[in-house]
Structure formats: structure tokens, C-alpha cells
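Be aware that the sequence shown starts at 90, since it is given in my numbering, and climbs by one per residue. Even glycine gets a Cβ: it sits at the ideal position worked out from N, Cα and C.
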Amino acid sequence: MKRILVMAAIALLVIPTADAQKKVSVVTTLPDLAWIAETVGGDRVDAFAIATGYQDPHFVDPKPSYIVKLSRADMFVTVGLDLEAGWVPPLLNSARNDKILKGAPGYVDASVNIPLLEVPTSVSREQGDIHAYGNPHYWMDPENGKIIARNIRDGLVRLRPQDAAYFDANLQKFETELSEHIKGWEEKMSPFKNTKVIAYHNQWPYFEQHIGLDIVDFLEPKPGIPPTPSQLAKIIGLMKAQDIHVIIIAPYYRPDSAELVARRTDAQVVTLASSVGAFKDIKSYYDLFDYNVDHLIQAFSKAQ
Ligand SMILES: [Zn+2]
Numbered sequence: 090m091k092r093i094l095v096m097a098a099i100a101l102l103v104i105p106t107a108d109a110q111k112k113v114s115v116v117t118t119l120p121d122l123a124w125i126a127e128t129v130g131g132d133r134v135d136a137f138a139i140a141t142g143y144q145d146p147h148f149v150d151p152k153p154s155y156i157v158k159l160s161r162a163d164m165f166v167t168v169g170l171d172l173e174a175g176w177v178p179p180l181l182n183s184a185r186n187d188k189i190l191k192g193a194p195g196y197v198d199a200s201v202n203i204p205l206l207e208v209p210t211s212v213s214r215e216q217g218d219i220h221a222y223g224n225p226h227y228w229m230d231p232e233n234g235k236i237i238a239r240n241i242r243d244g245l246v247r248l249r250p251q252d253a254a255y256f257d258a259n260l261q262k263f264e265t266e267l268s269e270h271i272k273g274w275e276e277k278m279s280p281f282k283n284t285k286v287i288a289y290h291n292q293w294p295y296f297e298q299h300i301g302l303d304i305v306d307f308l309e310p311k312p313g314i315p316p317t318p319s320q321l322a323k324i325i326g327l328m329k330a331q332d333i334h335v336i337i338i339a340p341y342y343r344p345d346s347a348e349l350v351a352r353r354t355d356a357q358v359v360t361l362a363s364s365v366g367a368f369k370d371i372k373s374y375y376d377l378f379d380y381n382v383d384h385l386i387q388a389f390s391k392a393q
């Protein structure tokens, strides 16, 4: 009798928490996508990002714990193009979860409908190691955050059509908030429009276009190929000739070459955040741009 009561109690606990109440388990490649997924999904979503914000998103070590997460996920969100080409396919293969494979309802390619920059007319290894389908760092244009959010919303509605109104309300709130933030960033940056800078890696064209910078050249001779002495010499000449005094770099690149060039050209090296979580205080997609705009302005002011 006692045992029957215990079993009945367990059944009562289990039944109401079954599928309808369960949160959608979302795994994303980058923290930016996880933050947007949680913003659109609200309390009906649990999102986990494989890469941290201070890690190089081109190269991530595939840990067994990621495979476990993916094997249990309802949804997978990827930046797409070829950003994660080196590490996502082996993880998805090992996870053996049909629900999140390309073409399945739980697969979300966040790059759908993004107006891509730098799409090559011909794909050739000469362009460098990476970026063969267009520049994949598109989340660095805050307007693209809205497109990413819509792609994630579509994925969530495929899995939970009954919650569509809830996801749409969250999406709308995010778009309104983001638009307000964008206005603020544009105003702050307007005195520095078209300031020339040098970057380490070609990862800022979307940010450059939106915020109104002029990235003249890169310390990497080709995307994904570390700086060479001849490239650094070329950049030093360029910076002197064009009066450029700011070098931007992501937190996961070694700063030595940027610092060397900066010493020769009396320039500022500014480490910008390339993802949510790049630094401790960058907890949201809004923080990401707040941080970058503020640090750029500081560097421009010092360089003057
Ligand atoms: Zn890149």
C-alpha cells in the first residue's frame, strides 16, 4: 500500500511537468546568440552557448560536455557561413540528435536574410583561410541583431506554435529597445565619423559600416594568417602616411604585434569586445556595443 502511494505521488509530480511545460533547450555556438535566444524565448527557453565571449570563435575545442548538451537540445543556433566550420560539424556528428541537424525544425541558421558583406565573387584559398562565403562576423552590426532575433523566433515557433504570441511580444520589445540603444550609439559616434583605424583581423566590417569607421587595413596579411614582418612594415608606413593612430584588436589575439606597431606610430591599441561575455561587465548584447563605443571614443580622444 505504502509503495503504491509513493508511486502515485511520483506520477503526480511527473505528469504536469511533461512536454508542454518544459523549457525549450537551446544550444548556440556563440554567447550573443544565446543572449538573443533567451531574450526572445523568455522564461520558456533555456539557452547555453558553447563558446565563451573571450574565446576565438573560429577555433573552439570540442569538449565531450558540449556533445552531451547538443544530444539533449531541442534547438541549435549557429552563426553559419564558415565561422564555425572547423568545430560545429564534428560536434553535431557526435551528438546524434536528428532534431537539431540542418533542415530539421530545431536547426536555426542565424545568417538567413542577413545582408552579407564581402561575399567573394570566386572562392579561392588566396583570400586566406576563412571567410569564403562572405564575412561571418555580422552580429557586430546591431541592426543585424534584429534579423538574428527573427530567425530565432521562427525556430521557436516551429517547435512551440502555441507560444507564438509570447515569442512575438518578446521580439517586439527587443526590437524597440535595440532601436533606442542604436540611436544612442550613433549619436555618441557621430563626431568621429569615418575615423581611420587599423584592425588585427577582418572581423569588424559590419560594425565599421554601422558605426561609421574607416578600417583601412589589417595586421593579418590575409584573414586567419598571423601578422608577418612585411605586413607590419607595410602597416607602419600606411599609418604614418595616412595619420592613423588607433589599432583595434579582439581579446583573443596576442597583442604583441599591435603593440609593436603602436610604438612605432604613436598609436593607441584598443581591445574591443567581439561577443557578449568578452569582458566581465558585458552581460548583454547592449553592453557589447556600449563597451565598444565607449572604448573607441576613449582611444580616439587619447590619439588626438
Ligand atoms: Zn573571422
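Item, Value
"Outcome for T128 when other beta-carbon atoms lying within 10 angstroms are tallied against a minimum of 16", "buried"
"Of the listed residues K235, L245 and P280, nearest to K262 (C-alpha basis)", "K235"
"Sufficient close CB pairs (3 or more, under 8 Å) joining the stretch 266-284 to the stretch 181-198", "no"
"Ligand 1 heavy atom lying under 7 Å from the CB of P225", "yes"
"Candidates Q393, P316, W228 and P194, of which the one nearest L204 by Cα", "Checking the sequence, you will find Pro at residue 204 rather than Leu. That would be W228, whose Cα lies nearest to the Cα of P204."
"Which listed residue (Q357, L377 and H290) has its alpha carbon closest to that of Q393", "Q357"
"D230 beta carbon less than 8 Å from that of H299", "yes"
"Helix, strand or coil at V335 according to DSSP, with G and I counted as helix", "strand"
"Backbone secondary structure at K191 - three-state DSSP", "coil"
"Minimum C-alpha distance to N240 - residue among T167, F307, D135 and G223", "T167"
"Distance cut-off 7 Å: P312 Cβ against heavy atoms of ligand 1", "yes"
"Stretch pair the stretch 128-141 + the stretch 247-259: three plus CB contacts closer than 8 Å", "yes"
"CB of N224 within 8 Å of CB of P294, strictly", "yes"
"Helix, strand or coil at Q298 [DSSP, three-state]", "helix"
"Integer Cβ distance of Y380 from A362, believed to fall under 8 Å", "5 Å"
"Chain-order list of residues whose beta-carbon lies under 7 Å from that of R161 (same chain, five-residue window excluded)", "S114"
"Distance between beta carbons of G142 and I371, contact taken as under 8 Å", "7 Å"
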